[in-house]
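Residue numbers (the numbering used here): 8 to 235.
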């Protein structure tokens, strides 16, 4: 495992290290890129992740089998959820596909960019965790939950070690899906290119990691779309 850390950067998901320079590292190791502050943090779609000093902004660079690409971001979300549960005794709510909430407010956002080359995938999994600050009104920080400030460098090292150790373990899709459904946050509307903006009933995550919803009295499975 390798880690590069910056005081400030545009975004940890940017090509801050030329692809050709670090792809050899990814052959046998994951590469973690962290910054204490982001000028232009990346959210889902065209959204930005506000990134003041005091929170964790991290991108995990991985080389995996292409067939593992879709599953990986769900697994990272599962790992972060487990970390909060084990280390802080906090049960976060899970929002499909890969965000975590506490009492209706976001605390963790995960966004993935991937490059598929044949049977291999190069994944860049961005993780934003509100530790000491809540950048927007509908967000929450760890500090506001436990009333204690955290040292970002120390905590991020602990989280990275936890992620790295967890990634070496195998977990079945059945177990992963069962866990995510246990903590599923269902109070959202759907924004979807096919089904439009509609009020839906969120039913469950399927074993293929699609989301089962009920819309207009019909059950549908969606693999993409936004819950808002």
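For glycine and all other residues, C-beta sits at the position ideal for the given N, C-alpha and C.
Proximity below 9 Å, CB of residue i to CB of residue j
| i | j | result |
| --- | --- | --- |
| residue 142 | residue 59 | yes |
| residue 44 | residue 180 | no |
| residue 115 | residue 132 | no |
| residue 19 | residue 32 | no |
| residue 147 | residue 112 | yes |
| residue 218 | residue 81 | no |
Sequence-distant residues of the same chain with beta carbon closer than 6 Å to residue i, five excluded per side
| i | result |
| --- | --- |
| residue 69 | 37 and 130 |
| residue 13 | 42 |
| residue 61 | 139 and 140 |
| residue 149 | 138 |
Where residue i falls, given that 16 or more other Cβ within 10 Å makes a residue buried
| i | result |
| --- | --- |
| residue 74 | exposed |
| residue 101 | buried |
| residue 203 | exposed |
| residue 128 | buried |
| residue 166 | buried |
| residue 220 | buried |
Residue closest to residue i, alpha-carbon to alpha-carbon, out of the options
| i | options | result |
| --- | --- | --- |
| residue 11 | 160, 192 and 185 | 160 |
| residue 64 | 109, 17, 224 and 105 | 17 |
| residue 231 | 105, 188, 182 and 109 | 105 |
| residue 224 | 34, 206 and 9 | 206 |
| residue 107 | 84, 128, 121 and 90 | 84 |
| residue 57 | 135, 213 and 81 | 135 |
| residue 121 | 167, 66, 168 and 165 | 66 |
| residue 46 | 30, 21, 29 and 193 | 21 |
Neighbourhood of residue i by C-beta distance below 7 Å, restricted to the same chain and skipping five residues each side
| i | result |
| --- | --- |
| residue 235 | 195, 196 and 198 |
Chain-order list of residues whose beta-carbon lies under 8 Å from that of residue i (same chain, five-residue window excluded)
| i | result |
| --- | --- |
| residue 190 | 88, 98, 99, 100 and 101 |
| residue 103 | 187, 191, 209, 212, 218 and 234 |
When you compare the stretch 147-158 with the stretch 175-192, are there three or more beta-carbon pairs, one atom per stretch, that lie closer than 8 Å? no
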